[in-house]
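Down below is the structure, laid out as structure tokens.
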Amino acid sequence: MNDDEKEQEDKAPQDAVSAKLMEYAIKARKVFITGVVDERMAKDVVQQLHILSSINEDPIYVFINSPGGHVESGDMIFDAIRFISAPVVMIGSGSVASAGALIYAAAKKENRYSLPNTRFLLHQPSGGIQGPASNIEIYMHEIVKMKKRLDNIFAQATGQTAEKISADTERDFWLSAEEARDYGLVNKIIVSEKEITRPT
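Residues in the sequence shown are numbered from 1 upward in steps of one, following our numbering.
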């Protein structure tokens, strides 16, 4: 047996376990967003959301622990949550940062929960570009437009003004679960799933 065959054989049980866990998650109507937000994750999460919503319109429970990542991939998940018919209940755990916080804010205020030790991070978009000055100028213009759009999204989600969001996020703006609740991002801090109110 060569190394490739051995690797495939070792991977087979892991794939079987992953498939079983995914089957359980679908039946339980639970979606897990963990790790960096990228195009692959966004595709997988959006597919799950659409499949679950097409099965029936019972609530979908999304558990999120993410340091953030690609903003446009976060936008894709955000828009899917708003688009589908089934209500989405969002549960923040660990770290809900950057693009992760954007995804979290997609759920209706009354459906946003946090576990006690969760930390939230809001900040302005960032990135790097090289090339001609004209391209850099275009890129910076797009970054400014993106920041205004995100400020408005978080203003709508929290009840704060867009101006306050903009000022608060000039630098990394970390919030504990309690601070995020007081800020309007979190509806309720919970320690048990029994504390979640089923959306009507």
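Just so it is clear, CB atoms sit at the ideal spot from N, CA and C, and this is done for glycine as well.
Pick from the options: whose alpha carbon is nearest that of residue i?
| i | options | result |
| --- | --- | --- |
| aspartate 75 | Lys43, Ala180, Pro87 | Lys43 |
| proline 199 | Ser18, His123, Glu57 | Glu57 |
| histidine 123 | Arg40, Lys194, Val96 | Val96 |
| glycine 92 | Ile143, Ile60, Val186 | Val186 |
| lysine 109 | Asp168, Thr161, Ser192, Pro87 | Pro87 |
| leucine 175 | His50, Glu72, Ser114 | Ser114 |
| aspartate 151 | Thr118, Asp182, Ala99 | Ala99 |
Quick one: measure Cβ to Cβ for residue i and residue j, integer angstroms, because I've assumed they're closer than 8 Å.
| i | j | result |
| --- | --- | --- |
| isoleucine 189 | proline 116 | 6 Å |
| isoleucine 165 | alanine 177 | Their Cβ separation, rounded to whole angstroms, is 19 Å, which puts isoleucine 165 and alanine 177 out of contact at 8 Å. |
| serine 85 | methionine 41 | In fact, because the Cβ distance is near 23 Å, the residues do not count as touching under 8 Å. |
I'd like to check one pair, residue j with residue i: are the Cβ atoms closer than 8 Å?
| i | j | result |
| --- | --- | --- |
| leucine 121 | alanine 105 | no |
| proline 125 | methionine 140 | no |
| aspartate 38 | glycine 68 | no |
| glutamine 48 | valine 31 | yes |
| methionine 90 | isoleucine 51 | no |
| isoleucine 60 | arginine 29 | yes |
| alanine 80 | valine 46 | yes |
Does residue i pass the burial test, meaning 16 or more other C-beta atoms within 10 Å, or should it be called exposed?
| i | result |
| --- | --- |
| glycine 159 | exposed |
| valine 144 | exposed |
| phenylalanine 78 | buried |
| valine 62 | buried |
| serine 54 | exposed |
In the DSSP assignment, find the alpha helix (DSSP H) that holds residue i and state where it starts and stops.
| i | result |
| --- | --- |
| leucine 49 | 39 to 55 |
| arginine 181 | 177 to 183 |
What are the boundary residues of the beta strand (DSSP E) that includes residue i?
| i | result |
| --- | --- |
| lysine 164 | Run containing lysine 164: none in the beta strand (DSSP E); it sits in the alpha helix (DSSP H), 162 to 168. |
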